[in-house]
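A quick write-up on the structure given underneath.
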């Protein structure tokens, strides 16, 4: 169970899609009585997809046990499916964590650690279907809760995900106050933000590109997982 | 005018509210033929309000001339109103920039640099009214355009701001494709994200707190600006 203080551990790696974790971090940082740890394989700055680097606050080895384990996505998440240090960390932390969570393709790291077999989960729309390779049930929804596993869809959905989680952790009033503090009253200037609303050919092309780029790494991760559990 | 490549310069400082710039950065990073510079007084990592630090990519002295000058907010923006190096940089860059922009209380840095007198602009809802001290006209709107000055409201509004700017820079299709890539189809779980929708007492308390904490620094900045232009 969650104690009086909440330990949130964000897993960082090179080539992370930064809004996947910076959106949730803006919410987590305003939760009362909550400690945030940004854990990476080393303390070297971690590269993001947006041209800046982020300094981790702990190595994986030194990170505290998480109440909330959180994994963002991006090209680095795909690479992390082949990184035993990250997979072992996620698997070990998940055993004691109250919530095991991800945004975007961070769900593929959870899957590669063996945590999503038979579970409902979401991911970025372009990669979502590939979760089936791990025996997970992909759900095309912005935030998906299955037991103690909470996953968010692509990139910007991390803000919605984090507010849902904030309510679970500290109650609705705290979550609503944070929503006001970050002025989260979104007004997208266009209506192209989901696979349902964008032009069909953009969506088809995005899925084809993701499949070509990522399916080999996904299948290797599935094979390694099967071998390790034999 | 904007050349074939766009130079976006993000001004960083300690105690920045990180989503103010990480939201826009996620959009800017996907603009074609665009270079992003994260400029700070030194190359030391810059602290954020969310427990992690960000590594700048250039000093203020080494930053290129911006086509888009962008200033985020936070406690550090208030502190920057008393930092001549940052104000001089903003003032000098603004002379040649095609767009001069901010999110959240970043507009107070623009104001302290003398750029908002007689202009319409927005800011975080709790601090917005104090823009009048600089002779600006506060507008309670998520994104406000006045000539070449584009300002966004609090924190999460940076994503809406950046998509509006992306359309101005590269056209609507590019902006919509980015919206799809970052799956920006927001679904806030609550309706407390604006000063209009949140409980009145939270809003009043937030404004009173901001005024108590920030009005002295605002008035000092106004006085310095008046003295410098004499």
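Protein chains in written order, with our numbering: chain A, 4 to 233; chain B, 4 to 233.
Cβ coordinates follow ideal geometry from the N, Cα and C atoms, glycine included.
Cβ-Cβ distance between residue i and residue j below 8 Å
i, j, result
"residue 69 of chain B", "residue 114 of chain B", "no"
"residue 209 of chain B", "residue 129 of chain B", "yes"
"residue 200 of chain A", "residue 207 of chain A", "no"
"residue 109 of chain B", "residue 75 of chain B", "yes"
"residue 185 of chain B", "residue 232 of chain A", "no"
"residue 134 of chain A", "residue 143 of chain A", "no"
"residue 98 of chain B", "residue 145 of chain A", "no"
"residue 187 of chain A", "residue 196 of chain B", "yes"
Secondary structure of residue i, DSSP reduced to three states
i, result
"residue 233 of chain B", "coil"
"residue 141 of chain A", "strand"
"residue 18 of chain A", "coil"
"residue 8 of chain B", "coil"
"residue 215 of chain B", "helix"
"residue 1 of chain B", "The structure shown does not extend to residue 1 of chain B, since chain B is modelled only from 4 to 233, so the question has no answer here."
"residue 56 of chain A", "strand"
"residue 51 of chain A", "strand"
"residue 124 of chain B", "strand"
"residue 178 of chain B", "helix"
"residue 61 of chain A", "strand"
Residue from the options whose Cα sits closest to the Cα of residue i
i, options, result
"residue 79 of chain A", "A/228, A/91 and A/220", "A/220"
"residue 140 of chain A", "A/161, A/118 and A/52", "A/118"
"residue 138 of chain B", "B/46, B/222 and B/49", "B/222"
"residue 161 of chain A", "A/189, A/143, A/232 and A/107", "A/107"
"residue 46 of chain B", "B/37, B/197 and B/56", "B/56"
"residue 235 of chain B", "A/216, A/20, A/37 and A/10", "The question about residue 235 of chain B has no answer here: the residues shown for chain B are numbered 4 through 233."
"residue 229 of chain B", "B/132, B/120 and B/48", "B/120"
"residue 51 of chain B", "A/176, A/204, A/25 and A/205", "A/25"
"residue 198 of chain B", "A/179, A/204, A/214 and A/213", "A/179"
"residue 31 of chain A", "A/98, A/71, A/48 and A/112", "A/71"
"residue 73 of chain B", "B/196, B/225, B/212 and B/152", "B/152"
"residue 103 of chain B", "B/224, B/170 and B/150", "B/150"
"residue 192 of chain B", "A/171, A/211 and A/127", "A/171"
"residue 234 of chain A", "A/92, A/27, A/136 and A/216", "With chain A represented from 4 up to 233, any question about residue 234 of chain A goes unanswered, as that position is not in the structure."
"residue 216 of chain A", "A/23, A/82 and A/38", "A/82"
"residue 7 of chain A", "A/38, A/168 and A/22", "A/38"
"residue 163 of chain A", "A/23, A/227 and A/9", "A/23"
"residue 214 of chain A", "A/175, A/168, A/127 and A/10", "A/127"
"residue 136 of chain B", "B/175, B/226 and B/177", "B/226"
"residue 9 of chain B", "B/211, B/205 and B/168", "B/168"
"residue 176 of chain A", "B/27, B/211, B/176 and B/205", "B/205"
Delimiting residues of the beta strand (DSSP E) encompassing residue i
i, result
"residue 42 of chain A", "37-43"
"residue 185 of chain A", "Careful: residue 185 of chain A lies outside any beta strand (DSSP E) and carries neither H nor E."
"residue 147 of chain A", "146-149"
"residue 102 of chain B", "102-106"
Spatial neighbours of residue i in its chain, beta-carbon cut-off 8 Å, leaving aside the 5 residues before and after
i, result
"residue 44 of chain A", "16, 62, 63, 86, 88 and 89"
"residue 4 of chain A", "With a pLDDT of 47 at residue 4 of chain A, under the threshold of 50, the modelled position of that residue is not reliable, and no figure is offered here."
Bounding residues of the alpha helix (DSSP H) (the contiguous stretch that carries residue i)
i, result
"residue 68 of chain A", "Careful: residue 68 of chain A lies outside any alpha helix (DSSP H) and carries neither H nor E."
"residue 25 of chain B", "21-31"
"residue 83 of chain A", "78-83"
"residue 92 of chain A", "87-99"
"residue 110 of chain A", "109-115"
Cβ shell of residue i (< 7 Å), same chain only, five flanking positions each side left out
i, result
"residue 173 of chain B", "34 and 35"
"residue 182 of chain B", "166"
"residue 218 of chain B", "133"
"residue 49 of chain A", "15, 16, 17, 19, 43, 56, 57 and 59"
"residue 157 of chain A", "107, 127 and 128"
Other residues of its chain near residue i: CB distance less than 6 Å, five sequence neighbours each side excluded
i, result
"residue 154 of chain B", "105, 110, 124, 125 and 147"
"residue 66 of chain B", "12, 40 and 42"
"residue 224 of chain B", "84 and 115"
"residue 96 of chain B", "69 and 72"
"residue 122 of chain B", "139, 149 and 152"
Any non-hydrogen atom of the ligand MG within 7 Å of residue i CB
i, result
"residue 37 of chain B", "Here there are no bound small molecules, and the ligand MG is not part of this structure."
Min CB distance residue i to chain C below 8 Å
i, result
"residue 67 of chain A", "In summary, chain C is missing from the structure at hand, where the protein chains are A and B."
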